[in-house]
Structures are given as structure tokens and as C-alpha cells.
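Let me begin by presenting the structure, written as C-alpha cells, before commenting on it.
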Amino acid sequence: MAWLHYFSLINLIFCVCASGQSLRQTVASRPFRIGTAVDVSRLGDLTYRNLIRNEFNQVQPENELKWMVLRPSAATYTFTKFDSLVDFATANGMSLRGHVLIGESGYPSWLTTGNFSQAQLREILRQHISTVVGRYSGRIYAWDVVNEAFDGAGQLKATQWLSHPGIGGAGTQYIETAFRMAHEADPNALLFYNDTNAETLNAQSDAIYRMALDFKQRGVPIHGIGLQMHLDLNGIDIRSLEQNIARFAALGLQVQITELDVRLPVPVGAAPTLSQLSLQADIYAIVAQSCLRSPACTAVQTWGVTDRYSWIPDFFPGTSAALPFDSNYAAKPAYYSLRRALEPSAQLLMRGALRDNASFAVAPISAGQILVLFVNTQATGSSASTPISGFYPTRWQGVEVHFDGIPAPILAVHRDCVVMAAPYGIESKASVPAVVRVNGQASNVVEVEIRAASPGLFTAAGNGTGTVLAHSSDGRLIDRSNPARAGDLVTLYGTGIGRLPGSSAAAVASSPAPQAQFPVSATILGSSAEVQWAGALSGAIVGTSKIVIRVPASLPGGEHPLQLRIGSVSSQAGVTLPVR
Ligand code: G3I
38 MAWLHYFSLI NLIFCVCASG QSLRQTVASR PFRIGTAVDV SRLGDLTYRN
88 LIRNEFNQVQ PENELKWMVL RPSAATYTFT KFDSLVDFAT ANGMSLRGHV
138 LIGESGYPSW LTTGNFSQAQ LREILRQHIS TVVGRYSGRI YAWDVVNEAF
188 DGAGQLKATQ WLSHPGIGGA GTQYIETAFR MAHEADPNAL LFYNDTNAET
238 LNAQSDAIYR MALDFKQRGV PIHGIGLQMH LDLNGIDIRS LEQNIARFAA
288 LGLQVQITEL DVRLPVPVGA APTLSQLSLQ ADIYAIVAQS CLRSPACTAV
338 QTWGVTDRYS WIPDFFPGTS AALPFDSNYA AKPAYYSLRR ALEPSAQLLM
388 RGALRDNASF AVAPISAGQI LVLFVNTQAT GSSASTPISG FYPTRWQGVE
438 VHFDGIPAPI LAVHRDCVVM AAPYGIESKA SVPAVVRVNG QASNVVEVEI
488 RAASPGLFTA AGNGTGTVLA HSSDGRLIDR SNPARAGDLV TLYGTGIGRL
538 PGSSAAAVAS SPAPQAQFPV SATILGSSAE VQWAGALSGA IVGTSKIVIR
588 VPASLPGGEH PLQLRIGSVS SQAGVTLPVR
């Protein structure tokens, strides 16, 4: 399942729990850096300055180490602007990251139009790196040595260093040369390759990986990969990000998130909606959590602090508001969720993390419904719970989930999710707070909407879509090779048909099983199918439903859409029944 689905709208409302600590206080006990890029020209703005000082333990200049600013002429270095950031960082106990020695742009015209020979260009680069890295040796702990060298197809971009006229050598050799020069200038600095759009597994990150592998194998001094992380509300495929981080970590490299921002589709000055801010908050949090999940990921850095000073509106017209603080320096939901994500062993519940276990739909839930909650359970494997005296436990593998303080019976705990039944007792509420505890550590609280019934159907593939999980009256599994017969009875399996009278949500359903209290109807290919019986499945937890329907006699053959309905609520679309 694409983890982007985490972001689908909007049944769980992200709730912020203020801890009162700043971001840097939150990570203070750990060797982890929470950084920001600084627009040094704005450091005279005291509110800006104080925010940075209070919130971050790492800074990086947004532009002041680029050739364009640092090298007005071949003979001149203008260190004063960046030096003011060095002073600021030193006075406030912050780490300094250097950005950048070979960038994708930001070069002065004396360099780009100088018609230098290869040898001259190589010497200019050597002098530049030696002077700049040497000057800040011992003060800048990590450098983006080369930035954005690859395109989306994994090809090296044409640059003056590679090919116009280049500094000599083919392929990644110019990058290697820059890393070797930087290492010579400061043997203790950590040297990073930094790129955009290479956060997940793709042709570009594959090319970077091949280069990093080659460098490691040949002893080229490379120590880390910077993943920029300029995102929008489409978020990011978290699994792919984590796999990407893992493969660089396996090479012995650090990974740092270097330029995190999440732009919103609103023009400057327009107010984002609550839903946009909330989605943005989730994305900040999951990026931070993905980083924290890998010991190799040692920093999360935002590309700015306040929406007042951000590169986004200039570069992506019609978008803005990408940073954790708004243009009046007020903390946005993204700030709070980022902070929550940085807390030690935070169990972070995202909007959309709670789903029907049959349909995987994010929707209001009902008492007894079998649910899956995506959360880091810290479990090493998967473990199904066992009922004791006919009742499922409400704590398993150190995991508990409470809805409005009522513990949910737990069916299984996996590494990244918990399967449970919604407890009885919530059905009279419009919404309830939900919280997960892992080994006693509570997550943030999310508000979950409740309704009387919320039907979902299990499918044969177990992913909530395609052929329904069903048996024909002879007990055989229905599939395309054994389609249902028109006029026959078929048994379907689902959940979310509401509280069953006279039972407990944790109970294993007896035989005869309790019956649904709400009328259930069914349609196949739009035609109504008689529901003969609906209730619990004997031997399973009561929230697992069995629904027996009769396939309309007049139905033609084919794979037909099938839906249940309780009141005004239908089971998920996209489920089919093969009929002969
Ligand atoms: O300082 C001049 C100012 O004097 C002039 O009046 C004005 C007119 O446009 O331009 C100002 O320079 C701008 C500079 O930012 C400072 O604001 C440049 O035009 C503008 O191109 C430059 O943009 C920077 C961009 O890199 C290009 O270097 C952005 O601020 C900066 O956020 C961005 O940062 C990059 C990272 O280095 C690499 N990763 C992507 C990231 C975002 O693009």
C-alpha cells in the first residue's frame, strides 16, 4: 500500500499536545541535530534571530557560502556575511553546516564567462576549496561538497566543472576531486553529497548510490548523503524513503535531511485551510520520524524558519507557507508535530493511521469494528494475541489502544501496526480521543469520529479491493474459477456492522452467534440481493461479521460490483463478486 495513503483526507483530526519545550530542547539529550537554513541578511530581525537561537541546534547559510556571494571577483573573498552567522552559532552553541562548494547555480559571471582552461579552472576550484574549507576548519563540522549533480534520469548534469570545460576527467571524477580537495583542507569535516528529488528509490538516487558505493570502495572521503526534502502536500513515499536511507546507511554513510519544507498551494498572504496545515504537519512529522528510525540519519534541517522569509513563493509561484512558523512568527501545526516527532520514542499517530481492517478505508468507526492502526509498535516480529477464557486481551506485546479511555481488544501486533476491535461504549459519542501506548509510552491523541455502523468487506487479496472474500453454500472459496451461482446463497465476511446486542467487543462469538441489530442490505451490479443473515462469525472476535446473501437469480455472469449498506453508509467501492 502506498504510504501516501497516510495523507488521505480527513477523518482523524491531528491533535497537538504542547510540551512547552523547543525543538532543540526536545533533542538535547541525544546526538541529533535539528537545523535550519538561515537567511543571514535577516539576522538583524530580532524575532527571527531569537526563534533560530531557541529552536535549533544547527544552522547553515542559505546563500552566503555560494560563490556568487563569497567570490565577487577572482581575487576577492567576502567572508563577512557568513562570519556573522559563525559568530551567532558559536555564541549560541550551535553546529554549523557548510553549503556549498560546488552548487548547481549561484556562480559569479567572472567564473562562468572567464573562458578558463581546464587546468586554470581546476586550480581555481582547488584554491577556493582550500581557502574556504581551510578557514572554517574545526568550526564547520559538515560540508555539502557537491549539490545537485544528477538529473532525474540519473545522468550527470552538464556543468562547467564536468564539461564547460570541466576540471578534467569523466563521469563522477570531478565530484571525487572536490571531495578529495575538501578532505585535504579539513580532514575532520564530514563531507556530504546533497541532492533534491533523490529522497526515495528512483533513477537519481540509484545513480547517487552507485557513486557513493564506488567512492566507499575506493576510499574517496565521503561521509554522508544529504536528502533535501522540498515537498508539497503529496508528501513522500515513506517506505521508499526509509529503504533509501537504509541503503546509504549500509555503506557506512550518514544521512541528513537537509532542506525540509512543505509548500502549500496558496498564494503569499492567503490563509491556508486547517486541513492543509494539518496535512503539512503530518508530512513534517513523518519525515522526521523516518529519519529518527534510522541511527544513520543524524539531522533534520528545515529550509528556513518563518514563511516571512522563504524561497518558495519566488520559485513556485502560487505556493507559499512551507515552513513551521507563519509569516508573523507564530508556530504552525507543522511546528508542533515536528516537535512531537522528535520526542524520544514518540509514538506518533498520523491522520489516516487508523483504518478499517477489511476495507483499509479511513472513515468514522463503529463499536466492535476490526481496525488497523499504523504506528511504530517497537515489536521485532508479528504476534497474534490469544483469547483467554473467551476474551481477547487489551494489552499485547506491550501495546494498548484506548478510545475515550476504554481499552480496545487487541488481535495482533506487528512491527508497524496493531490490529484491534473498537471497544463497546463509544457508540453514543460523535467522536472520541484515541491514544496508543507502547510499553507505557503514550502517543499523541487523535480524535476519531464515531458512527453506529461502518461496514467494510474483507477481500480475497486482503487489501480491501477486488474479489470479495466469500464462500459458496458448499463451503468452497469463491473466485473466478469457482464463481457464485445466480440464485445461490453466498457467505461474505466483513466488519463494522455495529454493536451486537448481548455481547462484549472482546468476546469470541459463540454459536449460535449474535445477530446484527441494524438492518443490512446488499446490492450486486446495482440489483438488491436478499440478506438472509448478518451478525458475528462464530469462533472469531464478535466484530468479525458474517453476512449471508442470496445472489439474484436474474444476474448475468461476470465479475460484478458488490456493496453492503447499513442506514446511509455503504461498504467500500471496488469490491466484486464473480458470478457464473
Ligand atoms: O541578493 C540578490 C539581491 O541583491 C537581488 O536584488 C535579488 C534580485 O532577484 O536577487 C538576490 O539574490 C537572490 C538570492 O537567492 C538571495 O535572495 C537570487 O536572485 C536567487 O536566485 C537566490 O536564490 C537562492 C537559490 O538557492 C539559488 O542560489 C535561494 O535563496 C535559496 O533558497 C536556494 O537554495 C537552494 C539550495 O542552495 C540548494 N537546494 C535547493 C535550494 C532551493 O532552491
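Here the numbering used here is used: the first residue of the sequence shown is 38, the next is one more, and so on. Cβ atoms here follow ideal geometry from the backbone N, Cα and C, with glycine treated the same way.
With a cut-off of 6 Å, the C-beta of G135 is classified as distant from ligand 1, since no heavy atom of the ligand falls inside that distance. Where M248 is concerned, the enclosing alpha helix (DSSP H) starts and stops at A240 to R255.
Boundaries of the beta strand (DSSP E) around M457: C454 to A458. From the listed residues Q415, R247, V137 and L375, the smallest Cα separation to V475 is found for Q415. Assigned with DSSP and collapsed to three states, V169 falls in helix. Short of 6 Å from the beta carbon of P350, and not among the five residues preceding or following it, lie these beta carbons of its own chain, in chain order: V305 and S357. When the Cα atoms are used, L278 and A325 turn out to be separated by approximately 11 Å. In the DSSP secondary-structure assignment, N94 is not bridged to any residue. Per DSSP, the unbroken beta strand (DSSP E) holding R392 starts and ends at L391 to D393. The beta carbons of R513 and R617 sit no closer together than 7 Å. P589 is not a Cβ neighbour of I534, given a cutoff of 7 Å. L122 is positioned such that its CB atom lies no closer than 7 Å to that of V170. In the three-state scheme derived from DSSP, where H, G and I count as helix and E and B as strand, F153 is classed as coil.
Around L88, the same chain offers V342, T343, F362 and Y366 as residues with beta carbons nearer than 8 Å, after the five sequence neighbours per side are excluded.
Assigned with DSSP and collapsed to three states, V482 falls in coil, not helix or strand. Taking all protein chains in view, the Cβ of E101 is crowded by 16 or more other Cβ atoms within 10 Å, so the residue is classified as buried. According to DSSP, residue pairing for Y230 in a beta bridge involves V183 and I262. If you look at I603, you'll find it in the beta strand (DSSP E) that goes G595 to I603. Take the alpha-carbon of R517 and the one of Y246: they are about 44 Å apart. When the beta-carbon positions are compared, I161 and F216 stay at least 7 Å from each other. For Y366, no beta strand (DSSP E) segment is defined, and its DSSP state is neither H nor E. Counting of Cβ neighbours within 10 angstroms places A573 among the buried residues, the total reaching 16 or more. The shortest C-alpha to C-alpha distance from A308 to any of A359, A479 and S146 is the one to A359. By the criterion of a C-beta distance shorter than 8 Å, P202 is surrounded in its chain by F153, S154, Q155 and L158, once the five residues flanking it on both sides are discounted. In this chain, the beta strand (DSSP E) harbouring A507 covers A507 to S509. In the three-state scheme derived from DSSP, where H, G and I count as helix and E and B as strand, L270 is classed as coil.
For R255, the closest alpha carbon among the candidates R377, F428 and L288 is that of L288. S510 is classed as exposed because its beta carbon has fewer than 16 other beta carbons within 10 Å across all chains shown. Take L228, set aside five residues on each side of it, and the residues of its chain with a beta-carbon closer than 8 Å to its own are A179, W180, V182, F216, A219, H220, P258, I259, H260 and G261, in chain order. In terms of side-chain proximity, the C-beta atom of S142 is found nearer than 6 Å to a non-hydrogen atom of ligand 1. If you look at P224, you'll find it isn't in any alpha helix (DSSP H); DSSP assigns it neither H nor E.
Beta bridge pairing from DSSP links G135 with W180. Rounded to whole angstroms, the separation of the alpha carbons of A244 and T431 is 48 Å. It is roughly 26 Å from the alpha-carbon of T581 to the alpha-carbon of V482. For E141, the closest alpha carbon among the candidates W104, T73 and N281 is that of W104. The three-state reading of DSSP puts I425 in strand, counting E and B together.
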